[in-house]
Amino acid sequence: LETTEKLFLAAVHLEQYRHATRSPEPYYLEGLKRDPSDIRLNNGYGKYLYQKGCYEKALEYFRRAADSSIWKNPNPYDCEPFYNLGLAYKALGKKSKAYDAFYRAAWDGSMQNRAFYQLACLSAGEGRYSEALEFTEKSLLCGAHHLKARILKTTLLRLLDRTEEA
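Residue 568 is where the sequence shown starts when you use this note's numbering, and the numbers rise one by one after that.
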């Protein structure tokens, strides 16, 4: 394939349709060999590694994607790499770094629902239920049908002794 874009699209296709005999990995790696700073390839390969449980390795690619996305602009057009960075940090137990990455991802309107939900989960896990409820409300403003956020809100209201609201 002659372009990094086609390599990326081939990898996505193989993942999307779970091709029985071909792995997307060589396509990601060839694309990254040609352009190590490509945001889509780094983010895609990071997700591929993350889904395999290789969190530390995925972190490297999510960091690259995030760094490339803020090369000229502190507010990138797509914050998915920051969201994925947060997931990897969370999986590795690095909650403070996960919190920062999710907060950064919340800048992007298309990521707010998921990012605020993850922030709510982190806050709830630390026993900061009022803060978690605020994040849950923000998540639901962006995605009213987010069932996990609705369940979390009910749980948090009960934990805050607001059973009538729950």
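The beta carbon of each residue, even a glycine, is placed where N, CA and C say it ideally should be.
CA-to-CA distance, residue j to residue i, given in whole angstroms
i	j	result
LYS639	LYS614	24 Å
LEU581	CYS646	24 Å
TYR684	LEU727	18 Å
ALA587	ASN680	33 Å
VAL579	THR571	12 Å
GLU704	ASP634	30 Å
TYR617	PRO648	12 Å
LYS662	LEU689	7 Å
LEU714	SER706	11 Å
HIS712	LEU596	37 Å
LEU654	GLY620	11 Å
LEU719	GLU701	11 Å
GLY694	ARG589	45 Å
Residue i classed as buried or exposed, judged by whether at least 16 other C-beta atoms fall within 10 angstroms
i	result
ILE606	buried
CYS696	Looking at the sequence provided, one finds Tyr at residue 696 rather than Cys. By the 10 Å Cβ count, TYR696 comes out buried.
TYR584	exposed
PRO603	exposed
Same chain, Cβ closer than 6 Å to residue i, five either side skipped, listed in chain order
i	result
LEU599	LEU608
ALA733	THR721, LEU724 and ARG725
ALA682	TYR650, PHE669, ALA672 and ALA673
CYS709	GLN679 and ASN680
Reduced DSSP secondary structure (H/G/I, E/B, other) of residue i
i	result
ALA632	helix
PRO591	coil
PHE573	Contrary to the premise, residue 573 reads as Lys rather than Phe in this sequence. In this structure, LYS573 counts as helix in the three-state DSSP scheme.
LEU723	helix
CYS621	coil
Cβ shell of residue i (< 8 Å), same chain only, five flanking positions each side left out
i	result
TYR594	LEU568, LEU574, PHE575, ALA577, ALA578 and LEU581
ASN610	TYR628, PHE629, ALA632, GLU647, PRO648 and ASN651
ILE637	PRO643
Beta-carbon contacts of residue i that lie in its chain and below 7 Å, excluding the five residues immediately before and after
i	result
ALA699	ALA687, SER690, ALA691 and LEU723
Sequence ranges, alpha helix (DSSP H) only - wholly within the region 634 to 707, length at least 4: 647 to 658, 662 to 672 and 679 to 692
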